[in-house]
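A quick write-up on the structure given underneath.
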Amino acid sequence: MTAAATSNDDQGQAELDAWGRSDSITARISLDSVDLPPDRDANVKARVAGTFYNEMADGGSNGNVGDVYIQLRLRARGDGSREASICVDRELEDGSEGVLLFDDGSAGCERFPDFVPELGTPYTLSVAVDREAGMLTWSVDDMERSVALGQPVFLPARDRRGVQVTQEGTPGEAVASIYSVSTDDYTQDFALEAPVIGPYRPFFDLQNPGRTLSVVDGRARLEVTSGVDGDERLALPVLVDTDRIEATLELSSESTIAGTSADGEEASVDVSLGGTFYNDTAEGGFNENEGNVFSEVFIGLDEGAPTLRYCMFRSNTADFSDTNALVAVGDDDCAEIGIAAAYDTPYPVTIELDRDAGLMRFTAGETERTHTIATPIFSPESDRRFIRARARAQNGSTVVAYVDDYRTSADAPLVANNGMPATSADTDSTTLSNGGSGGSSGCSIHGDRSGGLTWLLGLFAAAALVVRRRRGDAL
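Quick note: the sequence shown, position 118, residue 110 per the numbering used here, numbers continuous.
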């Protein structure tokens, strides 16, 4: 993975997300090369990091206040120094602060003394929280440290962990390799089992039965089977702040439609592209999801025949439990785009927020539909954008769908142009190692409203804008 800052204030970050609930994360990582100006403030990090617990209550209180973010990192600076260290920070209502766990009691970070990590050398980094014992344990190879947390340990509100490569300060470049990732209930050694396809990040999601993701002829093939009265989904989420998302969607005739469920609901399948692009109440969101507007284009079924539609839903509550359908037509919450749809036909679709014109634009092929936004347009909280391509099956049906050319910028390189090998649905996906890039190159690994999502076949994670630097990042 490659990351590069584009300015002194813009951190470049590449992230491989370990999806799923876990009290630990372990990864084998090497910081391969560092290209930095001779400036101590210019630095790179390769780290395991995430939100491991909350200090106040299970699921947090007052949003993510009290969430504790832990990062164990290999770090190199522009002045030639290198170190391994851990930092622990808690979320406040406004910003974050260090958690004073370590011997000197003066900072939320601690270094491994007398250890200088070598460039190009793999190290195993591990962080784990023992909830019953109230202990935090971290290690680099066989160097292990532990500290008592000194309080009850609750489940976090923002329950995420991953492996990250960052470059910040005066622009330069960092290149790192990830050899394996483990959590409480899953281990993947990339030398033995190749990841699927970047930026699609599915394999932790695939622990649930009835879900299959493979790469066929350079496209992601999604297959989902639902139980009777069930509603099953396989999503390919993207971590990025963007006003645009596009992909090529196809609903396969391999899909099977069951009959009516026990409660009278019709069985259905669909494949969709969607995301939350704005909030109509406050900058950065309000009351979690209240005021967030989710927009979607999907290929679904109407009386058994494929149809292309678009939708917009405004959440009136913190959890989308009550919504307004903004483009409803009669009794239908969604509107027809206006082109005939068919099985086994790829449709390039785009959703774009035009802030200047106050419009949401929905495009399928050459056909565009717009919705005029009559409210203020604010950016939602980054963690609540829910940008994803998704296949869905209901009430005993099976959906087979294809997703390709998944990106956030019209001029970003396409998956099909990245040299992806053709594979069959019942064979392992092969992996490229051409890497991705941060900064302003058009890839998804860096910040705000930028780039495409096709940076690396061998990685399943997308990248996120770092909205604000944590206090520990500056130490």
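Glycine residues also receive a C-beta, built at the ideal position from the N, C-alpha and C atoms.
Fair warning: this is a prediction, and the values are worked out from it, not measured in the lab.
Can residue 175 and residue 153 be called in contact, C-beta distance under 8 Å? As a position in the sequence shown, residue 175 is number 183, starting the count at 1. As a position in the sequence shown, residue 153 is number 161, starting the count at 1. Closer than 8 Å, so yes.
At the level of alpha carbons, what is the spacing between residue 468 and residue 66? No answer is possible for residue 468: the residues shown for the chain start at -7 and end at 467.
Where residue 21 falls, given that 16 or more other Cβ within 10 Å makes a residue buried: The sequence position of residue 21 within the sequence shown is 29, counting from 1. Buried: at least 16 other Cβ atoms inside 10 Å.
Would you list, in sequence order, the uninterrupted alpha helix (DSSP H) runs of no fewer than 4 residues that lie entirely inside the stretch 310 to 389? none
Consult DSSP for residue 225 and reduce its assignment to one of helix, strand or coil. As a position in the sequence shown, residue 225 is number 233, starting the count at 1. Correct three-state label for residue 225: strand.
Pull up the distance between the alpha-carbon of residue 79 and that of residue 90, whole angstroms please. As a working note, residue 79 is residue 87 in the sequence shown. As a working note, residue 90 is residue 98 in the sequence shown. Looking at the two C-alpha atoms, the distance is approximately 8 Å.
Mind checking whether residue 342 and residue 359 have CB atoms under 8 Å apart? Residue mapping note: residue 342 aligns to position 350 of the sequence shown, counting from 1. Residue mapping note: residue 359 aligns to position 367 of the sequence shown, counting from 1. Not in contact: residue 342 and residue 359 (Cβ atoms no closer than 8 Å).
Using the Cβ count rule (16 or more neighbours within 10 Å means buried), how would you classify residue 71? As a first step, residue 71 is located in the sequence shown; it is residue number 79 there, counting from the start. It is exposed - the Cβ of residue 71 has fewer than 16 other Cβ atoms within 10 Å.
Please list, in chain order, all residues of the same chain as residue 299 whose beta carbon is under 8 Å from its beta carbon, the five residues on each side excluded. As a working note, residue 299 is residue 307 in the sequence shown. So the qualifying residues of the chain are 291, 292, 293, 328 and 333.
Given a cut-off of 8 Å on the beta-carbon distance, is the pair residue 62 and residue 41 in contact? Taking the first residue of the sequence shown as position 1, residue 62 is located at position 70. Taking the first residue of the sequence shown as position 1, residue 41 is located at position 49. Going by C-beta atoms, residue 62 is nearer than 8 Å to residue 41.
Measuring CA to CA, which of 172, 271 and 178 is closest to residue 184? Numbered from 1 along the sequence shown, position 192 holds the residue referred to as residue 184. The shortest C-alpha separation from residue 184 is found at 172.
So which of 363, 157, 397 and 57 has the shortest CA-CA distance to residue 25? As a working mapping, residue 25 is identified with position 33 in the sequence shown. Cα-wise, what sits closest to residue 25 is 157.
Opening and closing residue of the beta strand (DSSP E) in which residue 293 lies: Position 301 of the sequence shown, counted from the first residue, corresponds to residue 293. Start and end: 284 to 294.
Which residue comes first and which comes last in the beta strand (DSSP E) that contains residue 118? Translated into positions along the sequence shown, residue 118 becomes position 126. It spans 115 to 122 - the beta strand (DSSP E) in which residue 118 sits, taken as one unbroken run.
Per-residue DSSP class, three states only, for residue 19: The sequence position of residue 19 within the sequence shown is 27, counting from 1. It is a strand residue.
Between the Cα of residue 59 and those of 114, 44, 338 and 69, spot the shortest distance and give me the residue it belongs to. Position 67 of the sequence shown, counted from the first residue, corresponds to residue 59. With distances taken between Cα atoms, residue 59 lies closest to 44.
Short of 7 Å in beta carbon distance, which residues of its chain neighbour residue 441, apart from the five on each side in sequence? Order them along the chain. Taking the sequence shown and counting its residues from 1, one reaches residue 441 at position 449. Reliability of the predicted coordinates at residue 441 is poor, the pLDDT of 25 falling under 50, and the value obtained from them is presented with this limitation in mind. Same-chain partners within the cutoff: 233, 234 and 235.
Pick helix, strand or coil for residue 249, following the three-state DSSP scheme. For the purposes of this step, residue 249 is identified with residue 257 of the sequence shown, where counting begins at 1. Correct three-state label for residue 249: coil.
Is the beta carbon of residue 279 less than 8 Å from the beta carbon of residue 271? Mapped onto the sequence shown, residue 279 falls at position 287. Mapped onto the sequence shown, residue 271 falls at position 279. No.
Going by Cα to Cα distance, which pick from 306, 162 and 351 is closest to residue -5? Numbered from its first residue, the sequence shown carries residue -5 at position 3. Considering only alpha carbons, the answer is 162.
Residue 468 and residue 391: beta carbons closer than 8 Å? Nothing in the structure corresponds to residue 468, since the chain is present only between -7 and 467.
If the criterion is Cβ atoms closer than 8 Å, does the pair residue 269 and residue 287 meet it? Locating residue 269 in the sequence shown gives position 277, counting from the first residue. Locating residue 287 in the sequence shown gives position 295, counting from the first residue. Cβ distance < 8 Å, so residue 269 and residue 287 count as in contact.
Taking only three categories from DSSP, how would you classify residue -4? In the sequence shown, counting from the first residue as 1, residue -4 sits at position 4. DSSP places residue -4 in coil when its eight states are reduced to three.
For my contact list, residue 147 and residue 56 are in at a C-beta cut-off of 8 Å; report their separation, rounded to the angstrom. Numbered from its first residue, the sequence shown carries residue 147 at position 155. Numbered from its first residue, the sequence shown carries residue 56 at position 64. About 12 Å separates the two Cβ atoms, so there is no contact after all.
Length of the line joining the Cα atoms of residue 131 and residue 210: Against the sequence shown, residue 131 aligns to sequence position 139. Against the sequence shown, residue 210 aligns to sequence position 218. Spanning the two alpha carbons is a distance of roughly 39 Å.
Nearest to residue 104 by alpha carbon, out of 143, 363 and 64? Here the question's residue 104 lines up with position 112 in the sequence shown. Here the closest residue by C-alpha is 64.
What are the residues that DSSP puts in a beta bridge with residue 178? Position 186 of the sequence shown, counted from the start, is the residue given in the question as residue 178. Residue 178 is bridged to 175.
With distances taken Cα to Cα, identify the nearest neighbour of residue 321 among 302, 314, 310 and 28. Along the sequence shown, read from residue 1 onward, the residue named residue 321 stands at position 329. Of the listed residues, the one whose Cα sits closest to residue 321 is 302.
Can you give me the start and stop residues for the beta strand (DSSP E) that residue 304 sits inside? As a position in the sequence shown, residue 304 is number 312, starting the count at 1. That run of the beta strand (DSSP E) goes 297 to 307.
Residue range of the beta strand (DSSP E) that residue 232 falls in? Working through the sequence shown from its first residue, we reach residue 232 at position 240. Where residue 232 is concerned, there is no enclosing beta strand (DSSP E), given that its DSSP letter is neither H nor E.
For residue 221, does the count of other Cβ atoms within 10 angstroms reach 16, so buried, or fall short, so exposed? Position 229 of the sequence shown, counted from the first residue, corresponds to residue 221. The residue is exposed, with fewer than 16 neighbouring Cβ atoms inside 10 Å.
In angstroms, rounded to a whole number, what distance separates the CA positions of residue 155 and residue 141? Position 163 of the sequence shown, counted from the first residue, corresponds to residue 155. Position 149 of the sequence shown, counted from the first residue, corresponds to residue 141. The alpha-carbon atoms of residue 155 and residue 141 are separated by roughly 23 Å.
Starting from residue 160, follow the beta strand (DSSP E) in both directions and report where the run begins and ends. Position 168 of the sequence shown, counted from the first residue, corresponds to residue 160. Note, residue 160: beta strand (DSSP E), 153 to 160.
With a threshold of 16 other CB atoms inside 10 Å of the CB of residue 240, please say whether the residue is buried or exposed. If you number the sequence shown from 1, residue 240 lands on position 248. By the neighbour-count rule (16 or more Cβ atoms within 10 Å), residue 240 is buried.
Residue 81: first and last residue of the uninterrupted beta strand (DSSP E) it sits in: Stepping through the sequence shown from its first residue, residue 81 is reached at position 89. Looking at the DSSP string, the run of the beta strand (DSSP E) that includes residue 81 is 74 to 83.
Looking at residue 23 and residue 68, is the spacing between their C-beta atoms short of 8 Å? Looking up residue 68 in the sequence shown gives position 76. Looking up residue 23 in the sequence shown gives position 31. Closer than 8 Å, so yes.
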